[in-house]
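Novice:
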Amino acid sequence: MQRTAKYLGVSLLGMTLVLATASVWFWYRPVGLNNYINKATIALALPSPELLTSLGLIDNTPLDFHSGKLGDYTEAGDRETLQRLQRLRAGLDRYGPEGLEGQELISWRVTAWFMDNQIRLAGLSRGGYAIGGGATVNQLSGVTIDMPQLLSDQHVIKNEKSVQRYLSRLREYGRVLGEVRARVASDRSKGFVPPDFIIEKTLLSMRTFTEGGAANNALVTTLAPKLEALEHITSEQRTAYLEEAQTLVASEVLPGFEALISLHEEMIPEAGHDAGLWRLPDGEQLYKAALASNTTTDISADEIHKLGLSEVARLRVMIEDILAELGLTTGSMEERITRLTEDPTHLFANTEQGRAEILAYLEELNKEVIGVAGDYFMTLPHQPVDIVRVPAYAQDSSAFGYYRSPALDGSRAGRFYINLKDTAEAPRWTLPSLLYHEAAPGHHFQISSAQLIEDVPLLRQAINFNAYAEGWALYAEWLAANDMGLYDDDPLGRLGQLQYQIYRAVRLVVDTGLHAKRWTREQAIDYMIANTGTTEAEVTREIERYVVWPGQATGYMIGQLTIQRIRQAAENTLQDRFDLRAFHEALLSNGALPLGLLEDVMAEWIAEQAQVSPG
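Sequential numbering from 0 applies to the sequence shown in numbering that gives the first Met the number 0.
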């Protein structure tokens with residue numbers, strides 16, 4: 000099974016920039032730290048109409064100036080963003096950290112870390128690699144993947160004005176594709192050409208989107224039911240809007256895709272097969288920055304590699320014990336898991352009915368865990384989570400599962416996407432841990448808790464740090480098994496949970512292997528197959544993900560181990576006074592934090608709890 004990839008669509012920069020809906024009023028208030036951070040956030044957020052729509056704060060309100068527009072993807076636009084960041088970061092030093100304490104100190108440290116990280120990443124060329132956002136084009140992300148999903152899933156159609164804005168964005172999309180093509184060509188001239196196998200998968204994704212022509216394109220077909228839901232327009236108006244959308248896709252969007260396709264076809268003869276960042280100009284510096292950004296630590300590639308090898312060895316022992324309990328003792332670990340994976344007893348039919356059964360099963364699991372979550376959490380999400388399929392145009396290269404956060408104003412639920420192109424990748428026994436990671440008590444709990452933080456800059460409610468977010472979601476899988484007892488009568492489900500764990504441990508080994516130790520793509524594939532028991536096709540997609548998202552996959556296990564280490568320290572200090580619900584409340588109630596800051600905050604909480612009298 001291809002394992003989960005997180006937060007597709009909105010980059011770290013995007014996830015962390017927030018627009019204050021009531022921005023007008025605080026421009027006239029005395030300037031304090033929170034107000035400065037809010038002003039800085041607005042200054043960074045306003046140039047990104049896509050971000051504003053993703054956050055769902057002011058679309059279709061009197062303040063909506065953006066939802067008919069798309070952002071600037073030129074190199075000049077990036078330079079302006081960097082200069083703006085540098086000015087705002089210098090201004091932050093006027094407000095701290097000296098003299099700050101409590102939430103104000105946390106807010107200062109979060110903002111400083113975020114800005115410093117973005118400035119560091121902005122100074123690095125990156126080609127098609129998802130290191131610091133920007134105009135990336137690859138098989139998993141960038142404007143050819145994320146923009147269609149934003150337009151079809153997140154652009155809200157509620158009246159004629161919002162329809163007209165949608166059509167305006169289709170026209171803008173042609174401009175964006177042209178700007179991105181220029182960026183790809185510029186990167187190519189500087190030696191940033193992706194490996195041949197990445198170009199081939201990127202081409203597959205783009206060709207899939209364009210096949211069928213404008214009339215059958217998702218940007219047209221997803222508009223039709225939204226128009227049908229509008230009560231105050233005539234059938235003639237609906238037809239006219241659909242025809243205009245089709246015309247714009249044909250004249251603006253598809254030609255932009257075709258130009259990108261042609262450029263990537265031209266690059267194939269000059270692309271090599273080496274997979275790691277080491278092959279690129281300043282590749283070592285790029286990977287160091289990618290690891291620092293994604294783990295929010297200064298841990299080195301060598302240290303991560305050794306940690307991964309140790310965790311793989313530990314988890315193999317646990318998996319062997321479960322396999323023995325299930326009576327599977329013949330063959331290698333890889334072979335025994337493969338037999339289970341391919342056993343028709345555990346598979347859903349690869350039909351529309353089978354896919355519907357998978358979604359229904361995940362809904363059932365989500366209701367079950369929500370029903371017992373109050374025993375382990377003080378605060379439960381007030382937003383629902385929708386469980387939906389990955390769009391057909393993205394499923395050929397998409398990750399198996401991912402999550403998109405709810406709108407800050409509650410107008411849009413959280414969404415857990417699952418790739419159901421081939422149901423053979425989703426044996427029943429593997430689905431519980433996927434659900435616990437993506438929905439409850441994983442990403443959905445963590446992000447919903449962050450959105451409830453009061454009296455802090457809005458940046459704190461929406462910020463996402465990869466190691467914290469993925470570490471929490473991986474910890475949530477472990478929690479379901481070790482505290483919530485959700486696998487007590489389900490050894491196969493427990494095997495699925497351990498397989499997910501070893502998958503993340505393997506990521507530490509292969510990500511650093513590819514980018515720091517000069518492993519080949521094939522070497523990484525072989526190692527992952529041998530230690531996870533998944534098929535070559537599934538593992539190949541995973542490895543190719545690590546190639547274009549260097550460092551991201553290391554955040555999961557680094558984050559989980561940090562959270563477990565903090566919990567162990569709390570249990571050792573508080574002993575029989577340790578309260579798991581209170582621990583989770585403290586862990587989640589400050590929103591996402593860099594791991595070093597998380598350890599500082601939780602150490603302070605542990606010390607405070609130790610001083611509280613038992614009564």
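The beta carbon of each residue, even a glycine, is placed where N, CA and C say it ideally should be.
Just to confirm the assignment, what range does the beta strand (DSSP E) spanning V384 have?
Specialist: From DSSP, the beta strand (DSSP E) with V384 extends over V384 to R388.
Novice: Would you tell me roughly how many angstroms separate the C-alpha atoms of V311 and E537, rounded to the nearest one?
Specialist: About 19 Å.
Novice: Give the DSSP-derived three-state secondary structure of I452 in the structure shown.
Specialist: Of the three classes helix, strand and coil, the one that applies to I452 here is coil, per DSSP.
Novice: V17 to P380, Cα distance in whole Å?
Specialist: Here V17 scores only 38 on pLDDT, less than 50, and its place in the model is too uncertain to base an answer on.
Novice: Of the choices Y172, E159, K287 and N216, whose alpha-carbon is the least far from that of E230?
Specialist: Among Y172, E159, K287 and N216, the Cα nearest to that of E230 is on E159.
Novice: Whole angstroms is fine: what's the gap from D488's alpha carbon to A585's?
Specialist: Distance between the alpha carbons of D488 and A585 is about 31 Å.
Novice: In the DSSP assignment, find the alpha helix (DSSP H) that holds R206 and state where it starts and stops.
Specialist: Per DSSP, R206 belongs to the alpha helix (DSSP H) from D195 to T209.
Novice: If we count Cβ pairs, one from each stretch, closer than 8 Å, do we get three or more for the region 452–462 versus the region 30–42?
Specialist: Enough Cβ pairs lie closer than 8 Å, so yes.
Novice: Does the region 383–401 come close enough to the region 417–424 that 3 or more CB-CB pairs lie under 8 Å?
Specialist: The answer is yes - the region 383–401 touches the region 417–424, with three or more Cβ pairs under 8 Å.
Novice: With distance defined between alpha-carbon atoms, name the residue in D63, W471 and M114 nearest to Q85.
Specialist: The shortest C-alpha separation from Q85 is found at M114.
Novice: Which whole-angstrom value is the C-beta distance of R237 and L226, which I expect to be below 8 Å?
Specialist: That pair is a contact at about 5 Å.
Novice: With burial defined as no fewer than 16 other Cβ atoms inside 10 Å of the residue's Cβ, what is the status of V368: buried or exposed?
Specialist: With 16 or more other Cβ atoms within 10 Å, it is buried.
Novice: What residue does the beta strand (DSSP E) around F113 start on, and which one ends it?
Specialist: Not the beta strand (DSSP E): F113 falls in the alpha helix (DSSP H), residues G101 to A121.
Novice: Relative to the C-alpha of G282, which candidate in A479, M601 and A515 has its C-alpha closest?
Specialist: Ranking A479, M601 and A515 by Cα distance to G282 puts A515 first.
Novice: Which runs of the beta strand (DSSP E), 3 residues or longer, sit entirely within the region 403–474?
Specialist: If we require 3 residues or more, the beta strand (DSSP E) runs fully inside the region 403–474 come out as 413–417.
Novice: Our contact map puts Y555 next to L473 with C-beta atoms below 8 Å; I'd like the distance itself, whole angstroms only.
Specialist: Contact flag correct, Cβ pair sits at about 5 Å.
Novice: If you run the structure through DSSP and keep just helix, strand and coil, what is G95?
Specialist: It is coil, neither helix nor strand.
Novice: Just the Cα atoms here: how many angstroms apart are R2 and R503?
Specialist: Here the model assigns R2 a pLDDT of 38, short of 50, so the residue's position is not dependable, and the following value carries that caveat. Cα to Cα, R2 sits roughly 9 Å from R503.
Novice: Can you tell me whether DSSP reads Y27 as helix, strand or coil?
Specialist: Only weak support is given to the placement of Y27: the predicted model assigns it a pLDDT of 35, under 50, and the value that follows is read from those uncertain coordinates. Coil.
Novice: Are R580 and M377 closer than 8 Å when you measure CB to CB?
Specialist: Yes, the pair counts as a contact, with Cβ atoms nearer than the cut-off.
Novice: Please list the terminal residues of the continuous alpha helix (DSSP H) segment that includes R174.
Specialist: Its alpha helix (DSSP H) spans residues E159 to S188.
Novice: Just reading off the alpha helix (DSSP H) that K305 is part of, what are its end residues?
Specialist: Run containing K305: A300 to E324, per the alpha helix (DSSP H) assignment.
Novice: Evaluate F64 with the Cβ neighbour count: other Cβ atoms within 10 Å of its Cβ, from every protein chain shown; 16 or more gives buried, anything less gives exposed.
Specialist: Classification for F64: exposed.
Novice: For a minimum of 4 consecutive residues, which ranges assigned as the alpha helix (DSSP H) are wholly contained in the region 341–400?
Specialist: The region 341–400 contains these whole alpha helix (DSSP H) runs: 351–372.
Novice: By how many angstroms is the C-alpha of L327 removed from the C-alpha of R278?
Specialist: For R278 and L327, the distance between alpha carbons rounds to 43 Å.
Novice: Taking the alpha carbon of L202 as the point to measure from, which residue in S53, D152 and L262 has its own alpha carbon closest?
Specialist: Closest by alpha carbon: L262.
Novice: So H304 and R427 are in contact, right, with Cβ under 8 Å, and what is the actual spacing, rounded?
Specialist: No, H304 and R427 are not in contact; Cβ-Cβ is about 34 Å, not under 8 Å.
Novice: In this structure, how does DSSP classify V547 when only helix, strand and coil are distinguished?
Specialist: Three-state DSSP puts V547 in a helix.
Novice: With DSSP run on the structure shown, which of helix, strand or coil describes G492?
Specialist: Residue state, collapsed to three classes: helix.
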